[in-house]
Each structure stands twice: as C-alpha cells, then as structure tokens.
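Taking it in order: structure first as structure tokens, then the write-up.
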Amino acid sequence: MKPISIRFSGFGGQGIILVSVILGTAVVTKKDLYAVQTQSYGSEARGGQCQAELIISSERIDSPTTHQKDILVSLFQSALDRYIDTLKPEGTLIVDPKLVNSYPRDTYTVYEVPATETAIRIGNRIAANMVLLGFLQPMLQIVSEEEMQQVIKEQVKEKFVDVNLKAFQEGLAIAKDLNPAWRN
Amino acid sequence: MIDKENNWNQKRLKTGVHFMLGNYAAVEGALAAGCDYFAGYPITPANEISERMSQRLPEVGGVFVQGEDELFSIYSVASAALAGAKAMTATASAGFNYMQEGIGYASAVEAPCVILNVQRCRGENFATHADVMQMRWGASGDYETICLAPSSAQELFDYTLLGFNLAEKYRNPVIIMSETTIALMRERVLVPSYDEIEIVNRAYTDLQPDAYLPFKAEENAPPPMAPLGKGYHTLYTLNYHNEDGSIEWDPKGYDKLYKRITGKIWENRKDICRTEGYLLDDAETVIITYGSEVRPAMDAVRMAREDGQKIGLLKLVTVWPVPEEDIREVAKGVKKVYALEMNIGKYAREIERVCSRYCTVERITKNQGIIHTKDEIYQAIKG
C-alpha cells in the first residue's frame, strides 16, 4: 500500500490523541503494517491546541513526520487555520461543521462530519472522536469493522465501551450516506 | 537477582506486536532484561517511564520508588545494583545534570546499572542531541561510559535490554541516550518470546569471605561481586580504594585502579561497540549519525541514490565508547563524511578526530528542537 499520513487536530479533551492511537494500534496489531504516531499538545488538561500525526505504511517508516498530509481532520477552527497548509492540494479535509465555520475548498475533497452533534445525540460528547473513526473506516478500509471494534474495546475504559462502539457505528453510517461508493 | 532459571515471572514479557510509546518500550526492554528496581524523580518527557514502571514492577515482584530528587534516584539505583538488583533510573536533561555525581560514584564502585536520559531542549520538551558529550564527560574523575543511542521505539526496547546486559558484563553504568523525538512517539514494537531473549548476569565470586578481595580483578576486567548477606564485607566508596576495599592512598594503586576501570570498557570496545552500515559498499560519501537523525538520513540517502549519487550511511548504535574502528574503516574508503546531528555540532569533533586523516568531514547540524527533515539532509548532501 501507498503510505498514508493523517493529521488529527482540535483542542485537548476531544480525544484527538486517542483516535490516532486506536487507528495506529489497529493497523499494527491486526494487519501487521507499520505506523508511527507523533503528537503535540498544550499543558492544559482540557482546552489548548492539540494535534496528532499518524503515518501508515506497509514498509518500515523512517522519517517520522511528513511535510504534507493526505488527510486533515479538524475539530476546531483555530486548529484548522493552523494546519490547513500542511494538507496536500489533492488531500482530504474532514471537519466538524459545528466547530469549524470556514475553510478553503480549493482543490481538497471536503467532508463535513457532524461528529460532536452525533456524539451528544447518542449520549456522550466525548465519543465524537469515535464518530470520526467510524467515518474514516470505509475511506481507509485497512482493517475490518470487526477488528476496529475489537481495538476500541481494548483501548477505552469499560464503562465507555458501549457509547464508543455506538459512535463508531454512527460514523460509519454518516460515511455511507455522504459517499455512495463506500456503501459496500 | 532475577535470572531466567530461577524466579522469572512470565508477566515480565508482553510477547507480540504492539503499537507502543517509546518511553513504554524502554520499560518493557528493562523488564525483559530482568530489571527489578527503579527509582526516578518526575520530569517531562521521561514521566511515562516512571508511570509504567510504577504499574509494571509490582506485577513482577520488583520495587518502584519515586525519589525525592535525582540524587536519591541515582544513588539508590547504584546501591540497589550493588545489593544484587538490576536497577534503572530515567530522567531528562536537567535531571541528568543532578545525577552526574552519582554516575561518578557508580563508575568508581563499579555498580552495574542503567540510566536513561531523554534529552530535551533547556526547559522545553523539544528534541535535541545537546547532551551527547555530557553522556561521556558529565562526572568528575576517570571513567568510561557505555552509551547507546536508539532511533525508534523498537530500539528503545532492544537497546535498554542490551544496556542491562552490558552493564552486568562490565560492572559499569550504561546510559541509554533517548530524546523527545522517540520517547513520545508511538510505533510498532515487537517484544520477542522468552526463548529469544539473552540475559547476561554479573559474575559472582567463588571465594569464601575471608579470601575475597572485592576489587581484585583481571587486567581490563571487572572484579567478581560478592552476594549481599552472606558474610562478605565490602566498602563501596568513591574514594580511591585498594583491592581489599580499604582507602589508604596508594599512588601506584590509584593509577592501576583507574587504568582498569577505564580499560575494562575502552580495551573491550570491539565487544561493546555496535554500528550498522547502509549502502556502504560502493559509497564515495557517507553520513555518520546516531539517534533519531538516522531516520530522515536513511530517506535522504535513498533520494540521493535515485539521483545516482554514491552515498551511504553509518549508524552509531554505540555512541560511547566511540566506535573508532568502524568509523575509520568507512573514512578510509570515501572522499567525504558528513557528521549529522541535532545540536550545534558536538559529536562531530569525534568524527573529525577519527576521520580527518583519511577524508574531509562536513558537519550537518540543526539546533531548532526538531529533527532534520529528509529534504533538508538531501539538500545538504546534494553537492
């Protein structure tokens, strides 16, 4: 496979780091691929800018970061403003429309994923990150849905497993709704 | 003393493939080596090592202590090692300063222990190789350091395990030179199975207490240790000590002691030093580097090779002692060597010292709290 680089960006408390860890864990432990995750965040427990980069490849990964990402996920306006220039011109931009008001359309493929709204509707706003993971599932198609669900169960606290799995399913449904090619 | 034949706890090894934080990988490597004592004082970006040790050591019957400071941590680690433990501490640059006195002590009393230093920029959690000389020269007095430089989470596992084995073999502190880049990176880490792990344990004396001289050793070799609580009495002091451990000054004895303490490392460097060559066979120029800088350098070498440039790479697994023979061998066959590092240009002096008789040396340095990109290195080597 061609290496894929994804940047998740938002503010602390949105589960930005965790979503990158779950995706990385899934591809490394379920598919024997290589992945490198790097991150930065402010010293605040919640709030403050936060980003994680994940590179996935079938080959060993040397340079741990890439200059230009294939996918940028932004869950906050200031995060998008800061990182939009690191997205490839032909890259994919995924935003939460409730938290990102303006973004350049340019040459990007853009998906508006109401992650936070969906998570609130199903019972817990902290599951917005799993809505995004569900959305990415048919786009990336690296591990199976079952494998991803298994990793979610392993990685999140027991009392939050159900809401996270539900959020993952909601994200899958949004993806299939927005792009007919992902319905199978 | 943990050894595989006796009280080995299967929980030590999480055999299999993981997506693991670099700091955690170092902990798992230590546990695989038999580490059963850890003391440390909080400091970023090394905290995840203490955090995981505090969870993992009790699971395997080991002891975790949060020290009141770095001095306690290093001295308790040296003491635990002398008492029979496989002991480790971890810190970051500012904390590593405080530990120098204890490292000098551990070197003088020949305490086999492991110190992991996650280098950071002064007061900031950004990546750097600024402490590379301090690894070797931080403490006062005569000593030699064994210092290993991992470039990935996997190597944090592998080299921490190797570090314990070298510490045991040579009765010397071993420093794992980590850095923010790899400490806070998550990566694929393969933890091997029980049968694939080689463990070295220190040599113990077979003499009775009345015949045992604690610092009597072969030339360029460590003395065998005595088990604690079996009637052997040893004074472990920083002061000059005679073969029986007494501290009456003897100028010739002092000379002999420190020839042995430094010689056991330096004269055994062929056994200790490790390097890895990449595309060296037909190379006309070579990048010599260590730590995380190896990674973008590998990409840059591939890019330059695509242009037809005959360039290779020598990765220094062992930074101290300087793997002089391997570096010299490379220098003899090429026109130019690039000394690549993430600081103002420090280890470059060592490379220049070894290479400049044979070829030119050009420095490629970056001191901005982040590793070189492959493009930056590619531009620098394009010629």
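Protein chains in written order, with the working numbering: chain Y, 44 to 227; chain Z, -17 to 365. Even for Gly, the Cβ is constructed at its ideal location relative to N, Cα and C. Small disclaimer: the values here were computed from a predicted structure and weren't measured.
- Give the DSSP bridge partners of Z:Gly259, in chain order. Z:Leu296
- Check the Cβ of Z:Met167 against every Cβ in chain Y and list those closer than 9 Å, keeping chain order. Val79, Gln80, Thr81, Gln82 and Pro107
- 6 Å Cβ shell around Z:Val276 - same chain, five flanking residues per side excluded: Ser133 and Lys297
- Query: So, does the CB of Z:Asp367 fall closer than 7 Å to a CB anywhere in chain Y?
  - Reply: The requested residue 367 of chain Z does not occur in the structure, where chain Z is confined to residues -17 to 365.
- Extent of the continuous beta strand (DSSP E) to which Y:Lys131 belongs: Leu130 to Val138
- Does Y:Val62 have its Cβ less than 7 Å from a Cβ in chain Z? no
- Does DSSP put Z:Met280 in a helix, a strand or coil? helix
- Item | Z:Ala112, DSSP secondary structure in three states | Collapsing the DSSP output to three states places Z:Ala112 in coil.
- Cβ separation of Z:Val301 and Z:Met117, assumed to be a contact under 8 Å, to the nearest whole Å: 7 Å
- Query: Can you tell which of Z:Asn202, Z:Pro206, Z:Met70 and Z:Lys238 has the C-alpha that lies nearest to the C-alpha of Z:Tyr23?
  - Reply: The residue with the shortest Cα to Cα distance from Z:Tyr23 is Z:Met70.
- Task: Just confirm the distance between the C-beta atoms of Z:Gly84 and Z:Ile128, as a whole number of angstroms; I'd bet it's less than 8 Å.
- Result: Wrong, their Cβ atoms sit about 16 Å apart, outside the cutoff.
- Query: Alpha carbon to alpha carbon, what distance is there between Y:Ile65 and Y:Lys73?
  - Reply: 11 Å
- Task: Establish whether the CB of Y:Val206 and some CB of chain Z are separated by less than 7 Å.
- Result: no
- Grab the span of the alpha helix (DSSP H) containing Z:Cys337 for me, first residue to last. Looking at the DSSP string, the run of the alpha helix (DSSP H) that includes Z:Cys337 is Ala330 to Cys337.
- Tell me whether the beta-carbon of Z:Arg251 lies closer than 7 Å to the beta-carbon of Z:Pro303. yes
- Curious, which full-length alpha helix (DSSP H) runs of at least 4 residues does the stretch 55 to 124 of chain Z contain? 75 to 90 and 116 to 119
- Item | Buried or exposed (CB count within 10 angstroms, at least 16 for buried), Y:Thr152 | exposed
- Query: For Y:Gly67 and chain Z, any beta-carbon pair shorter than 7 Å?
  - Reply: yes
- Sheet register partners of Z:Met207 (DSSP bridge): Z:Tyr186
- Exposed unless 16 or more other CB atoms sit within 10 angstroms - verdict on Z:Arg310: exposed
- Task: Quick one: list the residues of chain Z neighbouring Y:Val71, beta-carbon separation under 7 Å, in chain order.
- Result: Val(-1), Phe1 and Arg170
- Item | Helix, strand or coil at Z:Arg153 [DSSP, three-state] | coil
- Query: CB Z:Ala135 to CB Z:Val171, shorter than 7 Å?
  - Reply: yes
- What does Z:Met280 reach in chain Y if we use C-beta pairs closer than 7 Å? By Cβ distance, chain Y contributes Asp105.
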